[in-house]
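Undergrad: The structure's right below; bear with me while I get my questions together.
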Amino acid sequence: MRGAISLTINGLARQIALDDPRVTLLDLLRERLGLPGAKKGCDRGQCGACTVILDGQRINSCLKLAATCDGANVLTIEGLAHGEKLHAVQAAFIAHDAFQCGFCTPGQILSAVAFLEEGGDWRDPERIREGMSGNLCRCGAYAGIVAAVQDAGRRLEAETRKDVA
Amino acid sequence: MNAFEFVRASTVAEAIAAGSSPGAAFLAGGTNLVDLMKGAVSRPPKLVDIGSVEGLDAIETRPDGAVRIGALVANSELARGPFAARFPLIAEAVLSGASPQLRNAATVGGNLMQRTRCAYFFDAASACNKRTPGAGCDAIGGEARTQAILGWSEHCVATHPSDLCVALAALSAIVEIDGPSGRREIPINSFYRLPGDTPERESELAQGELIVAVRLPAGAAAFAGHSRYVKARDRISYAFALASCAAALRLENGLITEASIALGGVAAKPWRAEAAEAALAGAKPEDAAFTAAAAVALADAKPSGDNAFKIELARRVVVRALRLAAAGTPKSMPALPASPFGDISG
Chain G
1 MRGAISLTIN GLARQIALDD PRVTLLDLLR ERLGLPGAKK GCDRGQCGAC TVILDGQRIN
61 SCLKLAATCD GANVLTIEGL AHGEKLHAVQ AAFIAHDAFQ CGFCTPGQIL SAVAFLEEGG
121 DWRDPERIRE GMSGNLCRCG AYAGIVAAVQ DAGRRLEAET RKDVA
Chain W
1 MNAFEFVRAS TVAEAIAAGS SPGAAFLAGG TNLVDLMKGA VSRPPKLVDI GSVEGLDAIE
61 TRPDGAVRIG ALVANSELAR GPFAARFPLI AEAVLSGASP QLRNAATVGG NLMQRTRCAY
121 FFDAASACNK RTPGAGCDAI GGEARTQAIL GWSEHCVATH PSDLCVALAA LSAIVEIDGP
181 SGRREIPINS FYRLPGDTPE RESELAQGEL IVAVRLPAGA AAFAGHSRYV KARDRISYAF
241 ALASCAAALR LENGLITEAS IALGGVAAKP WRAEAAEAAL AGAKPEDAAF TAAAAVALAD
301 AKPSGDNAFK IELARRVVVR ALRLAAAGTP KSMPALPASP FGDISG
């Protein structure tokens, strides 16, 4: 099948026909697969609203041609919660009012999830700000975002400790 | 974005064969090329996807002590683990550039091949000799804040935007290339061309030639204890350099035995300052020597417009980087890598 790719999106394996190599991963998700969680802000890799986790790494999906993603594993905001149970970062964003309009929020949350998985130091607000520098928030919810990442980092570490014990 | 033929290569040989046709471009992380295509600044008729080419994604130490970084290694990989401990200068330079998302997608080969961020190059309505040879340069007489102060010509004043390459230049990295005429290698300090009257030719690479690796010579690790990258920019994070400096020293018995200095944000290529290095050899690692070396490094600098401030800024960035390098590489990466506002007491 020429111009087809296989992707695992939020745990679901899919075969996707691609008629045009210009389609970005972001446009594929939003326009063709009914997953509009990743947002198109600048569409040039500057704002981070399109952040998804590709093969375990956070990236800007607006700069990724879908044709180059054959065989990849994609996590979008739609796949982050377990049923009704929110991911710790999602719950922390709500608890700390870490958004106003919400447009940048899916990208912020996925970027924060990746920051914590990378072993980012959530105890240090300066390291959180630097680690989240690829996600812009025009509403200026940064104070809440930093507090949410700290809180989620604390909770996830406590859960890990409980699991070990 | 223009329509293009899309070819996926799985070996270096396939990539070279497909990339040899006129105008064809290699695509790896896409963080620069896809952006340029969206702005119609680049319009390649063919893209050769090298993202899954075998054998280009490893970092390996060779028997002679040299370290070979595959062209498809992600930028973010250079800031992790034993590699970062061995080459903290590279880790700090990498972490001072772009964002975590971009560093994950961007590759080492792509970092070397990224185009200038000159606003006139990016703006299709402006005249640009790089985009359209012979069209003229609207950057001259325009906004000069990000433009060159060294090595520029009346045809182009653009700067190379990489931080990684500045560290690679200071460590005398070697670019390994494969192509239609076989393999060759070029020291990174000879890899880029100054604009002259052909600013559209940015490097020595010919059509179809592919960077397969970047090699750090065995001696590069000897700077690990005294090397720093300092970057002055308009924001503290996620911004290109106005002026940056990679400084690496070897100290013995309280004297500098070897110094290596490269500057970023000031020229069409990472600017190695060899005369300044020579001025430091045998000197005490003190401010007087650093100030004198910085003056030598910028001796030939000339404003390319309303950017004379960059000459003094670059001098001070060189002094700051040398002072920090002499104080010793910190045990852990600073929260704000390459920040000029860090603790300078040492």
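So the sequences go chain by chain: G and W.
Here our numbering is used: the first residue of the first sequence is 1, the next is one more, and so on.
Here our numbering is used: the first residue of the second sequence is 1, the next is one more, and so on.
Even for Gly, the Cβ is constructed at its ideal location relative to N, Cα and C.
Model, not experiment: these values are computed from the prediction.
Taking 6 Å as the limit between beta carbons, can you name the residues of its chain near Pro21 of chain G, skipping five residues before and five after?
TA: Cβ neighbours of Pro21 of chain G beyond the five flanking positions: Ala67.
Undergrad: Can you check whether the C-beta of Ala18 of chain W is within less than 8 Å of a C-beta belonging to chain G?
TA: Output row for Ala18 of chain W: interface = no.
Undergrad: How long is the line joining the alpha carbons of Cys139 of chain G and Cys104 of chain G, rounded to whole angstroms?
TA: Cα-Cα distance, rounded: 9 Å.
Undergrad: So which residues of chain W does Gly48 of chain G contact, with C-beta pairs closer than 8 Å?
TA: Result: Ser99, Gln101.
Undergrad: Since Glu252 of chain W sits in a beta bridge, which residues does DSSP pair it with?
TA: Answer is W:Leu255, bridged to Glu252 of chain W.
Undergrad: By the three-class DSSP mapping on this structure, what secondary structure does Pro133 of chain W have?
TA: Coil, per DSSP.
Undergrad: Which partner residues of Trp271 of chain W appear in the DSSP bridge assignment?
TA: Beta-bridge pairing links Trp271 of chain W to W:Leu263.
Undergrad: Along the chain, where does the beta strand (DSSP E) containing Glu373 of chain W start, and where does it finish?
TA: Because chain W spans 1 through 346 in this model, residue 373 of chain W falls outside it and cannot be assessed.
Undergrad: Can you give me the C-alpha to C-alpha distance between His87 of chain G and Gly134 of chain G, rounded to a whole angstrom?
TA: Each residue's Cα considered, the two are about 21 Å apart.
Undergrad: Chain W partners of Arg58 of chain G, CB-CB under 7 Å?
TA: The contacting residues are Pro100, Gln101, Asn104.
Undergrad: Alpha carbon to alpha carbon, how far is Ser181 of chain W from Ile236 of chain W? Give it in angstroms, no decimals.
TA: Between Ile236 of chain W and Ser181 of chain W, the C-alpha separation is close to 44 Å.
Undergrad: Count the other CB atoms within 10 Å of the CB of Gly19 of chain W; is the residue buried (16 or more) or exposed (fewer)?
TA: Buried.
Undergrad: Measuring CA to CA, which of W:Asn2, W:Phe341, W:Val12, W:Ile149 is closest to Ile177 of chain W?
TA: Nearest of W:Asn2, W:Phe341, W:Val12, W:Ile149 to Ile177 of chain W, Cα basis: W:Val12.
Undergrad: Closest Cβ-Cβ distance between Thr76 of chain G and chain W: below 8 Å?
TA: No, because no Cβ of chain W sits closer than 8 Å to the Cβ of Thr76 of chain G.
Undergrad: Could you tell me which of G:Arg32, G:Arg154, G:Asp43, G:Gly144 sits nearest to Asp35 of chain W, measuring between CA atoms?
TA: Looking at the Cα atoms, G:Asp43 is the closest of the given residues.
Undergrad: When Cβ atoms are compared, which residues of the segment 53-71 of chain W fall closer than 7 Å to chain G?
TA: Taking 7 Å as the Cβ-Cβ cut-off against chain G, none of the residues of the segment 53-71 of chain W qualify.
Undergrad: Could you tell me the distance, in whole angstroms, from the CA atom of Arg43 of chain W to the CA atom of Ala221 of chain W?
TA: When rounded, the distance between both Cα atoms is 40 Å.
Undergrad: Distance cutoff 8 Å, beta carbons only. Does Thr105 of chain G sit that close to anything in chain W?
TA: Answer no: the Cβ-Cβ gap between Thr105 of chain G and chain W never drops below 8 Å.
Undergrad: Have a look at W:Asp287, W:Ala71, W:Ala297 and flag the residue whose alpha-carbon is nearest the alpha-carbon of Ile174 of chain W.
TA: Closest by alpha carbon: W:Ala71.
Undergrad: So with CB distances below 7 Å, who are the chain G contacts of Val34 of chain W?
TA: By Cβ distance, chain G contributes Leu63, Leu65.
Undergrad: Would you list the one or two residues that DSSP bridges to Gly70 of chain W?
TA: Answer is W:Ala213, bridged to Gly70 of chain W.
Undergrad: What in chain G is Cβ-close to Tyr238 of chain W, meaning under 7 Å?
TA: Under the 7 Å cutoff, chain G gives Ser133, Gly134.
Undergrad: Return the chain-ordered ranges of every beta strand (DSSP E) run that is complete within the segment 132-212 of chain W and spans a minimum of 3 residues.
TA: Listed in chain order, the complete beta strand (DSSP E) runs (minimum 3 residues) inside the segment 132-212 of chain W are 174-178, 184-187.
Undergrad: Name the residue from G:His96, G:Ala4, G:Arg123, G:Leu80 whose alpha carbon lies nearest to the alpha carbon of Pro106 of chain G.
TA: Comparing Cα-Cα distances from Pro106 of chain G to each of G:His96, G:Ala4, G:Arg123, G:Leu80, the minimum goes to G:Leu80.
Undergrad: Just how far apart, CA to CA, sit Cys69 of chain G and Pro195 of chain W?
TA: Cα to Cα, Cys69 of chain G sits roughly 36 Å from Pro195 of chain W.
Undergrad: With a floor of 4 residues, list each alpha helix (DSSP H) that falls wholly inside the segment 286-315 of chain W, ordered by position along the chain.
TA: For the segment 286-315 of chain W, whole alpha helix (DSSP H) runs of length 4 or above, ordered along the chain, are 287-297.
Undergrad: Report the partner residues of Cys245 of chain W according to the DSSP bridge assignment.
TA: Paired residue(s): W:Val230, W:Leu263.
Undergrad: Here's a check: name, in chain order, each residue in its chain whose Cβ is nearer than 7 Å to the Cβ of Leu18 of chain G, leaving out the five neighbours to either side.
TA: Counting only Cβ-Cβ distances below 7 Å, and skipping sequence neighbours, we find Gly3, Ala4, Ile5, Ala66, Ala67.
Undergrad: Determine the direct distance from the alpha carbon of Asp197 of chain W to that of Pro88 of chain W, and round the result to whole angstroms.
TA: Cα to Cα, Pro88 of chain W sits roughly 37 Å from Asp197 of chain W.
Undergrad: In terms of DSSP beta bridges, what is Gln15 of chain G paired with?
TA: DSSP lists G:Ser6 as partners of Gln15 of chain G.
Undergrad: With a CB to CB cut of under 8 Å and the five nearest residues on each side skipped, what residues in its chain are close to Ile16 of chain W?
TA: Asp178, Gly179, Pro180, Gly208, Glu209, Leu210, listed in sequence order.
Undergrad: Reducing DSSP to helix, strand and coil, say where Phe6 of chain W ends up.
TA: Here Phe6 of chain W sits in strand by DSSP.
Undergrad: Could you spell out the range, first to last residue, of the beta strand (DSSP E) harbouring Phe26 of chain W?
TA: Unbroken beta strand (DSSP E) run through Phe26 of chain W: 25-27.
Undergrad: Does Lys46 of chain W come out as helix, strand or coil in the three-state DSSP assignment?
TA: Looking at Lys46 of chain W - three-state DSSP - the assignment turns out to be strand.
Undergrad: Taking only beta-carbon positions, decide if Lys231 of chain W is within less than 8 Å of chain G.
TA: Not closer than 8 Å to any Cβ of chain G, the Cβ of Lys231 of chain W fails to qualify, so no.
Undergrad: Please report the straight-line C-alpha distance between Thr76 of chain G and Ile53 of chain G, rounded to a whole angstrom.
TA: If you take the alpha carbons of Thr76 of chain G and Ile53 of chain G, they lie about 7 Å apart.
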